[in-house]
Every structure is written in C-alpha cells, then in structure tokens.
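Some notes on the structure that comes next.
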Amino acid sequence: MEIDFEKLIKLQQLDMEIRQLSLFLESIPPQIENIDRKIADSTLIAAAAREKMAGSQKKRRELEAEVKDFKAQIGKFKRQLNEVKTNKEYTALLREIEESERRVDRLEEAFISEMLLEDDIQRDIQEANRELAETQEVLSKEKEAIFRKKKEAEERMQELIRSKTALLPEIPPHQVDLYVSISRKKNGIALSPVRDDFCDLCHVRIRPQVLNELLSSRNLILCENCGRILFWREQAEESPAEPETTEAKAK
Ligand SMILES: [Zn+2]
Numbered sequence: 020m021e022i023d024f025e026k027l028i029k030l031q032q033l034d035m036e037i038r039q040l041s042l043f044l045e046s047i048p049p050q051i052e053n054i055d056r057k058i059a060d061s062t063l064i065a066a067a068a069r070e071k072m073a074g075s076q077k078k079r080r081e082l083e084a085e086v087k088d089f090k091a092q093i094g095k096f097k098r099q100l101n102e103v104k105t106n107k108e109y110t111a112l113l114r115e116i117e118e119s120e121r122r123v124d125r126l127e128e129a130f131i132s133e134m135l136l137e138d139d140i141q142r143d144i145q146e147a148n149r150e151l152a153e154t155q156e157v158l159s160k161e162k163e164a165i166f167r168k169k170k171e172a173e174e175r176m177q178e179l180i181r182s183k184t185a186l187l188p189e190i191p192p193h194q195v196d197l198y199v200s201i202s203r204k205k206n207g208i209a210l211s212p213v214r215d216d217f218c219d220l221c222h223v224r225i226r227p228q229v230l231n232e233l234l235s236s237r238n239l240i241l242c243e244n245c246g247r248i249l250f251w252r253e254q255a256e257e258s259p260a261e262p263e264t265t266e267a268k269a270k
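Note that this note's numbering has the sequence shown beginning at 20, numbered continuously upward.
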C-alpha cells in the first residue's frame with residue numbers, strides 16, 4: 020500500500036494540536052471555579068468582621084438597657100429610703116442600693132471594653148475590605164487573562180478543524196481508517212518518525228531490511244514493536260508545517 024506520508028503527517032500534526040487545545044480548554048472551567056472560590060473566601064472574611072461588629076454593637080445596646088434598668092431601680096430604692104419605718108429596713112435598702120451601684124459599675128466597664136473592641140473590629144473590617152478589593156482586582160485580571168486565552172484557543176481550534184476537514188478528503192479513506200484505528204490504540208499518535216534507525220516513539224531499533232524498504236518505497240510499514248506507521252524524519256521536515264504547530268509540538 021503506497022502511503023501519502025506528507026498528508027498523514029499533516030493530519031497527525033493537526034490532531035496533536037487539537038488534542039492539546041482540547042486538554043487546555045477542559046482545564047479552564049476548574050481554573051475559573053478555583054478563582055471564584057478564592058473570591059468567595061475573601062468575601063467571607065470581610066463579612067465575618069462585619070458580623071462581629073454587629074454582635075458587639077448588639078451587646079453594647081443590651082448593656083446600655085441593663086444599666087438603665089439598674090439606675091431606675093436605684094432611683095426607686097432611694098425614694099423608698101424616705102418611707103421606711105425601721106432601721107433594719109433602711110440598712111437593707113442601703114445594701115440593695117450599693118449592690119445595684121456595683122452592678123452598674125461592672126456593666127459600664129463591660130460597655131467600655133465592647134467599645135474598645137469595636138475599634139479593633141473596625142480596623143479588621145477596613146483591613147478585610149482592602150484585602151478583598153485587592154484580591155478581587157488580581158483575581159478578576161487572572162480571570163480575564165484565562166478568558167482571553169480560551170477565546171484564542173477556541174479560534175485556533177476552529178482553524179484546525181477547518182484544516183482537518185479540508186485535508187481528510189485528500190487522503191485515501193482506507194489510510195484514514197488505518198490512521199484512526201492506530202491513533203485510538205496508541206494514545207492519539209499513529210505515526211512515528213524513524214530517527215537514527217530507531218522508532219522515535221517506542222525507541223526500538225528498526226531492522227536493516229525494514230529500513231531499506233522504508234528508504235526505497237513509500238509503502239506502509241508498521242513498527243514491529245508499537246504498531247505505528249513509520250516514516251522518515253525528512254518527510255516530516257519537507258511537509259509544510261505551520262510555525263504554531265511546530266512550536267506546540269516542541270513543548
Ligand atoms: Zn515503535
């Protein structure tokens with residue numbers, strides 16, 4: 020079977036780049052998810068600081084209300100002082116007043132420490148907001164860059180598919196079938212160049228007789244080890260490879 024090596028090599032190059040681009044495109048959604056998760060996380064830190072502030076303010080309002088109740092209570096006790104009949108009652112009331120005043124002092128101390136705490140929380144909120152803004156800026160730039168690369172990859176993919184669609188009818192169908200069946204079995208690579216008497220992909224030495232046949236004919240010869248279609252490297256070099264394809268292959 021005489022083989023159109025140049026076209027098959029071109030097909031192989033197109034398929035390899037298509038495969039590489041597919042892998043790249045598949046890797047994009049997880050990358051975006053990862054970025055969105057980071058953005059959500061930094062939002063949480065800022066939200067937690069705000070929640071802490073709200074908690075402290077609520078506690079301060081409760082303390083304030085309690086102080087107000089105790090002060091009303093003290094006022095009431097003081098008025099009762101004028102009405103009591105016995106010394107015992109009078110002493111008891113005085114004790115109640117003292118006790119309530121001590122409670123008020125403690126509550127006011129707690130109120131002040133909440134206020135001081137809020138100063139710290141306020142700083143945390145500002146810090147969290149600043150970090151959030153920074154993170155969001157960095158991450159949204161990262162996201163834009165990914166979307167740009169995605170768009171480029173999709174455009175390149177369209178080009179490659181167009182080239183492949185144009186190329187396929189130029190290759191005899193049975194050669195395409197053979198190419199496809201080997202490609203499926205061999206991790207997407209159906210052709211292997213011969214370099215220094217070795218199959219370049221499985222690194223097995225080619226017998227001299229096979230080498231001679233390769234040199235003298237354009238017949239289909241499969242590597243006896245890996246089963247790929249063998250070709251001379253020069254044939255690949257003669258075939259007009261697009262610069263991007265060569266570059267992608269070199270990576
Ligand atoms: Zn091989």
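Using N, Cα and C, we set each Cβ at its ideal position, and we do this for glycine too.
As assigned by DSSP and simplified to three states, the class of residue i
i    : result
R247 : coil
L210 : strand
L241 : strand
R224 : strand
E102 : coil
Buried versus exposed, by CB contacts within 10 Å (16 or more), residue i
i    : result
E174 : exposed
I271 : With the chain covering only 20 through 270, there is no way to say anything about residue 271.
I225 : buried
A65  : buried
L133 : The sequence given here places Glu at residue 133; Leu does not occur at that position. So E133 counts as buried.
Q228 : exposed
P212 : buried
F166 : exposed
L179 : buried
L82  : buried
A36  : As written in the sequence, residue 36 is Glu, which differs from the Ala given in the question. Flag for E36 reads buried.
L126 : buried
Cα-Cα separation between residue i and residue j, rounded to whole angstroms
i    : j    : result
D124 : F130 : 10 Å
K170 : Q50  : 15 Å
T264 : L33  : Bear in mind that the predicted position of T264 carries a pLDDT of just 40, short of 50, making it too unreliable to give a figure here.
V86  : E161 : 53 Å
E271 : G94  : Missing from the structure shown is residue 271; the chain here goes from 20 to 270 and no further.
R122 : S159 : 53 Å
I285 : P48  : Residue 285 lies beyond the stretch modelled for the chain, which goes from 20 to 270, so this question has no answer here.
Q99  : D138 : 41 Å
V176 : S41  : Going by the sequence as given, residue 176 is Met instead of Val. Whole-angstrom Cα-Cα distance: 8 Å.
D219 : R252 : 9 Å
L112 : R142 : 45 Å
R56  : L136 : 30 Å
A68  : E115 : 40 Å
L30  : H222 : 22 Å
A164 : A147 : 25 Å
E108 : E128 : 30 Å
Beta-carbon proximity list for residue i, same chain, < 7 Å, skipping 5 on both sides
i    : result
K26  : L186, E189 and I190
T62  : L151
I201 : A209, G246, R247 and I248
D216 : R224, I225 and L230
Cutoff 6 Å; reference residue i; Cβ partners in own chain excluding five residues on either side
i    : result
Q92  : S119
R237 : E21 and I22
Interface flag, residue i vs chain D, CB-CB below 7 Å
i   : result
L27 : Protein chains in the displayed structure number just one, and chain D is not present.
Close-in-space but distant-in-sequence residues of the same chain around residue i (CB under 8 Å, 5 per side omitted)
i    : result
I240 : V229, E232, L233, I248 and L249
Please list, in chain order, all residues with a C-beta atom less than 7 Å from at least one heavy atom of ligand 1. Result (chain order): S211, C218, L220, C221, V223, C242, N244, C245 and R247.
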